[in-house]
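*Asks:* Numbering follows the working numbering, in which position 124 of the sequence shown is assigned residue number 149; successive positions increment by one, without gaps. Each residue gets a CB set at the ideal place from its N, CA and C atoms; glycine is no exception.
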Amino acid sequence: MKKGFKSLFVIFFLFISCADEDRVNEDNFEADLTGSWNRSDYQVEGEIVSTYTFRGNSTYTYRIDWFGFNGKSKTELTDSSESTGVFGVEGDSIFFQNFEFNSEFSSKFWIKDDVLKLEYITYPADAPVLTQMEYNRVD
Numbered sequence: 026m027k028k029g030f031k032s033l034f035v036i037f038f039l040f041i042s043c044a045d046e047d048r049v050n051e052d053n054f055e056a057d058l059t060g061s062w063n064r065s066d067y068q069v070e071g072e073i074v075s076t077y078t079f080r081g082n083s084t085y086t087y088r089i090d091w092f093g094f095n096g097k098s099k100t101e102l103t104d105s106s107e108s109t110g111v112f113g114v115e116g117d118s119i120f121f122q123n124f125e126f127n128s129e130f131s132s133k134f135w136i137k138d139d140v141l142k143l144e145y146i147t148y149p150a151d152a153p154v155l156t157q158m159e160y161n162r163v164d
């Protein structure tokens, strides 16, 4: 009976030890996010550059720059918009709270080879769609 109890205890201890190693350290994810990430979408008339900048104090900026369009040169900045807010990380999810639009947004995320991938649900007219966006590390 004692032998069975010891074996059960050892298995339980090993299971708990392995589970602790697999646990995600959220502080590292926030540190990994710190900096700027952007993506470019090329259109016939120009280019749209979207940039997330995450700061160590859990604030972020999301900026969109439009180059070209309306007959302008594709290298000319023709419009831009910027919004700010705060973010938090829980496990593999990032939660955004936007100040300008008083809105909230969440997304699963992961970083691999200096590429930030965001995965979330969008809602076009016909049905919800799983969407994935990739942003390259700028700095």
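1. What is the rounded straight-line gap between the Cα of R88 and the Cα of G60?
2. Tell me the rounded alpha-carbon separation between F94 and N63.
3. Could you give the residue range of the beta strand (DSSP E) that holds S118?
4. By DSSP, does E55 sit in helix, in strand, or in coil?
5. Between which two residues does the beta strand (DSSP E) harbouring D66 extend?
6. Tell me which residues share the same chain as F130 and place their Cβ nearer than 6 Å to its Cβ, disregarding the 5 neighbours each side in the sequence.
7. Along the beta strand (DSSP E) that carries G9, what are the first and last residues, could you check?
8. Once the 5 residues before and after L39 are set aside, which same chain residues still bring their CB inside 7 Å of it?
9. For G93, which beta-bridge partners are listed by DSSP?
10. Just to confirm, are I119 and S132 a CB contact at a threshold of 8 Å?
11. Are S7 and D117 close, meaning C-beta to C-beta below 8 Å?
12. Using the rule of at least 16 other Cβ atoms within 10 Å of the residue's Cβ for burial, across every protein chain shown, is L155 buried or exposed?
13. Express the C-alpha separation of D57 and N82 in angstroms, rounding to a whole number.
*Replies:* Looking at the atomic coordinates:
1. 13 Å
2. 20 Å
3. 118-123
4. helix
5. 60-67
6. F121
7. In the structure displayed, the chain extends from 26 to 164; residue 9 sits before or after that span and is not available.
8. Residue confidence for L39 is low, a pLDDT of 35 falling below 50, so the modelled location carries little weight and cannot support an answer.
9. G71
10. yes
11. The displayed coordinates of the chain run from 26 to 164. Any statement about residue 7 would go beyond what the structure contains.
12. exposed
13. 13 Å
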